[in-house]
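*Asks:* The sequence shown runs 2 to 532 under the numbering used here.
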Amino acid sequence: MLNALRTASLAACSLLLTSAAIAQNAAPPAADAGAPGAPDDAARAKLLAAGAPATTPPGTLTALEKYIKADDGAFKWSLEKSQHLDQPAPGTWNLLRMTSQTWRTPGEVDIPEWTHWVHVWVPDALRSDKPILFITGGRRKPDAPDAPAGELGFLSRAGAIAVVVDNIPNQPLKLGDDPAERTEDGLVARTWVKAMETGDPTWIARFPMVKGAVKAMDAATQFLAQHPPTHSTLNGKALDASFKPGKWLVAGASKRGWTTWLTAAVDDRVGALAPIVIDVLDVPAQMHHHRAAYGFWAPALNDYVETKIVERLDPTTADPDPLMAGVLAHDDPVNWLSRVSDKPKYLINASGDEFFLPDSSSIYEKRLPEPWFLRYVPNSGHNVSRSDAPANLVAFYLAWSEGRQMPKITWNIELPDNEGRSQRAKIHAQTTIKPSWVRIWRVTTPKKRDFRIEETKDTWNAGHVGAADKDGLAYEAPVQIPDKGFTAAFLEFTYKADKPGDPDLVFTTRVFVLPDRLRYEHGPVPAMPAK
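(1) Return helix, strand or coil for Pro170, following the three-state DSSP convention.
(2) What is the C-beta distance between Arg450 and Phe494, in whole angstroms, given that I count them as a contact (C-beta under 8 Å)?
(3) Tell me the rounded alpha-carbon separation between Leu314 and Pro285.
(4) Indicate whether the contact test is met: 3 or more Cβ pairs, each with one atom in the region 341 to 353 and one in the region 295 to 311, closer than 8 Å.
(5) Measuring only the C-alpha atoms, how far is Val514 from Leu48?
(6) Drop a sphere of 10 angstroms on the beta-carbon of Glu81, count the other beta-carbons inside from all chains shown, and report buried for 16 or more, exposed for fewer.
(7) When DSSP labels each residue in this structure, what does Ala9 get in the three-state scheme?
(8) Per DSSP, Thr488 forms a beta bridge with which residues?
(9) Could I get the ranges of all uninterrupted beta strand (DSSP E) runs contained in the region 291 to 354, with 3 residues as the minimum, in chain order?
(10) Figure out for me which residue from Val395, Ile162, Pro113, Ala293 has the closest Cα to the Cα of Phe244.
(11) Looking at the unbroken beta strand (DSSP E) that takes in Ser83, where does it start and where does it end?
(12) In or out: His465 buried (at least 16 other Cβ within 10 Å) or exposed?
(13) Taking the continuous beta strand (DSSP E) assigned at Met197, which residues delimit it?
(14) Rounded to whole angstroms, what's the CA-CA distance from Ala273 to Pro345? Just pull it up for me.
(15) Compute the Euclidean distance between the alpha carbons of Ser79 and Val119, then round it to the nearest angstrom.
(16) Give a yes or no on whether the C-beta atoms belonging to Ala489 and Val444 are separated by under 8 Å.
(17) Which one or two residues does DSSP pair with Thr137 in a beta bridge?
(18) Determine, using beta-carbon pairs with one atom in the region 385 to 401 and one in the region 466 to 475, whether at least three such pairs fall under 8 Å.
(19) Of all the options Trp204, Trp373, Ser386, which has the alpha carbon lying nearest to the alpha carbon of Gly151?
(20) Quick one: is Lys497 buried, meaning 16 or more other Cβ sit within 10 Å of its Cβ, or exposed?
(21) My output table needs one value for Ala150: the three-state DSSP class, helix, strand or coil.
(22) Please state if the CB of Asp304 and the CB of Gly187 are separated by a distance shorter than 8 Å.
(23) Can you tell me where the beta strand (DSSP E) with Glu415 in it begins and where it stops?
(24) Are Thr260 and Ala214 touching if we call contact CB-CB under 8 Å?
(25) Give every residue of the same chain whose Cβ lies closer than 8 Å to the Cβ of Gly404, excluding the five residues on either side of it in the sequence, and list them in chain order.
(26) For Trp122, which of helix, strand or coil comes out of DSSP?
(27) For Pro37, which residues in the same chain have their Cβ closer than 7 Å to its Cβ, ignoring the five residues on either side in sequence?
(28) Grab me the residues of Trp337's own chain with a C-beta within less than 7 Å of its C-beta, minus the 5 sequence neighbours each way, in chain order.
(29) What residues match up with Pro276 in a beta bridge as DSSP calls it?
(30) Do three or more CB pairs link the region 108 to 127 to the region 160 to 175 at distances below 8 Å?
(31) Mark Thr92 as exposed unless 16 or more other C-beta atoms lie within 10 angstroms of its C-beta, in which case mark it buried.
(32) Grouping DSSP H, G and I as helix and E and B as strand, with all else coil, what is Val281?
(33) Write down the C-beta distance between Tyr68 and Phe155 rounded to the nearest angstrom, noting that I regard them as a contact closer than 8 Å.
(34) In this structure, does DSSP put Val215 in helix, strand or coil?
(35) Classify Pro447: buried if its beta carbon has 16 or more other beta carbons within 10 angstroms, exposed otherwise.
(36) Hey, how far is the Cα of Gly177 from the Cα of Val189?
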């Protein structure tokens with residue numbers, strides 16, 4: 002089924018959009034499905050998939066790149082505030098008011114203009130010329146906000162210029178005749194529907210979300226050129242007016258993590274990326290895995306259930322859908338991997354995510370181009386802000402920006418000849434750099450293959466793992482296959498920071514689930530609402 006869906010996706014990507022259409026930030030006017038003269042599903046699928054990365058020849062812009070580069074005359078920014086702060090570290094906080102674009106017409110959305118607050122943090126003492134872009138959400142705020150204490154609290158530890166952009170996506174929004182104000186997944190899901198109804202890929206919310214992130218880098222770069230950080234030092238040396246930022250690290254969580262993938266794929270200024278809690282590469286396979294494990298759609302996916310998108314995504318519930326494949330040809334990060342092949346990637350995920358299963362990385366781990374690194378956060382749901390994930394992000398940034406060698410960790414699991422209950426498996430892992438310590442994290446659920454935080458609470462427990470060789474590079478840990486229920490486990494490698502006050506670098510293996518059985522794998526599963 003999954004192969005059939007992928008085949009349908011490739012087949013749907015056979016026709017290129019015209020440059021003129023994308024230059025206007027929209028495809029040629031398209032009637033909604035069912036309207037007189039509206040194209041049929043096959044025609045809309047071809048329109049929708051045109052300009053996707055998989056079918057765009059080298060040297061030709063994708064539909065997303067054309068949309069980003071199109072000048073709609075809306076981009077502008079102004080400096081609203083500038084204030085020197087002593088906390089969380091000595092530096093200057095600058096607040097920019099930015100308009101990134103106009104997306105859709107007033108008849109299609111109630112507020113076409115995308116406005117954002119862009120915070121540009123310039124520390125007095127820089128450790129690198131490489132900035133960080135942290136993409137956040139929230140809502141439109143007409144009044145100037147204060148400095149973002151949460152983000153600056155951890156980003157200031159990096160000793161970097163840190164740029165925080167809010168309101169990605171621009172929300173809430175009303176779409177067409179729909180009177181409801183849509184935000185987050187409710188907005189994303191319904192823009193997917195609009196794209197499928199019209200055959201216009203620029204309806205996909207990720208298009209303006211990525212453009213908003215790109216424009217935040219543009220605004221910050223222009224601001225730094227006009228207001229060079231001559232009051233700062235870089236590794237002890239005073240900066241002058243010729244300062245220019247180096248490569249960027251881009252990060253964001255959830256929908257912003259998804260946006261991180263595509264921003265890094267389309268903008269050469271990005272040198273590294275850290276998508277957070279968006280363990281969804283290869284969306285159709287992930288949704289099949291989700292339902293095959295649970296037998297229902299988790300409540301976090303309600304917006305995709307209400308719009309029947311999950312039925313289009315999961316081949317066990319319907320025939321492969323070329324319109325859905327057309328959307329994902331542009332939006333699924335797995336289709337952009339060749340564009341980030343040389344960029345270090347730090348994937349931070351939650352062991353108890355309400356959206357995604359903890360073993361989601363098993364679906365894409367063989368396809369990710371090096372270099373890439375995993376971090377599963379134990380005892381955490383989709384919101385990892387109160388965990389050590391922010392510190393992990395800073396540690397990764399410091400290692401990358403300072404050119405330090407990072408370890409490559411490989412792993413596999415050794416299963417008993419007959420993977421039955423009450424037997425032992427063993428996780429094997431190898432690292433190229435000796436860690437300071439290694440732990441195994443594990444949890445057992447009594448009945449269901451369900452590790453969402455509301456099911457496990459904070460019952461993941463840790464145990465020390467000693468080296469299996471004299472060099473401290475090989476590790477193995479037994480995992481008991483339970484008599485009942487399921488056990489999830491992973492190894493965590495910690496590399497102690499050399500500089501006092503710096504956060505430790507933490508990587509993990511993927512999560513293994515034992516026994517590795519999916520009760521609802523062979524479907525079809527009766528359609529049911531999220532519960």
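We put the CB at the ideal spot given by N, CA and C, even for glycine.
*Replies:* The relevant details are as follows:
(1) coil
(2) Arg450 to Phe494, Cβ: 26 Å. No contact.
(3) 5 Å
(4) no
(5) 41 Å
(6) exposed
(7) For Ala9, the predicted model reports a pLDDT of 38, less than 50, meaning its position is unreliable; a value from the coordinates is still stated below. The answer is helix: DSSP assigns Ala9 an H, G or I state.
(8) Thr445, Leu515
(9) 346 to 351
(10) For the options Val395, Ile162, Pro113, Ala293, the alpha carbon positioned closest to that of Phe244 is the one of Ile162.
(11) 77 to 86
(12) So His465 ends up on the exposed side.
(13) Per DSSP, Met197 belongs to no beta strand (DSSP E); it is in the alpha helix (DSSP H), 185 to 199.
(14) 5 Å
(15) 10 Å
(16) yes
(17) Paired residue(s): none; Thr137 is not in a bridge.
(18) no
(19) Ranking Trp204, Trp373, Ser386 by Cα distance to Gly151 puts Ser386 first.
(20) exposed
(21) helix
(22) It is a contact, given that the beta carbons lie within the stated cut-off.
(23) 410 to 415
(24) Yes, the Cβ-Cβ distance between Thr260 and Ala214 is below 8 Å.
(25) none
(26) Trp122 falls in the strand class under three-state DSSP.
(27) With a pLDDT of 49 at Pro37, under the threshold of 50, the modelled position of this residue cannot be trusted, and the question is left open.
(28) Pro54, Trp262, Leu263, Ala266
(29) Gly253
(30) yes
(31) Checking the sequence, you will find Gly at residue 92 rather than Thr. So Gly92 counts as buried.
(32) coil
(33) Actually they do not touch by this definition, with Cβ atoms about 32 Å apart.
(34) helix
(35) exposed
(36) Their backbone Cα atoms lie some 14 Å apart in a straight line.
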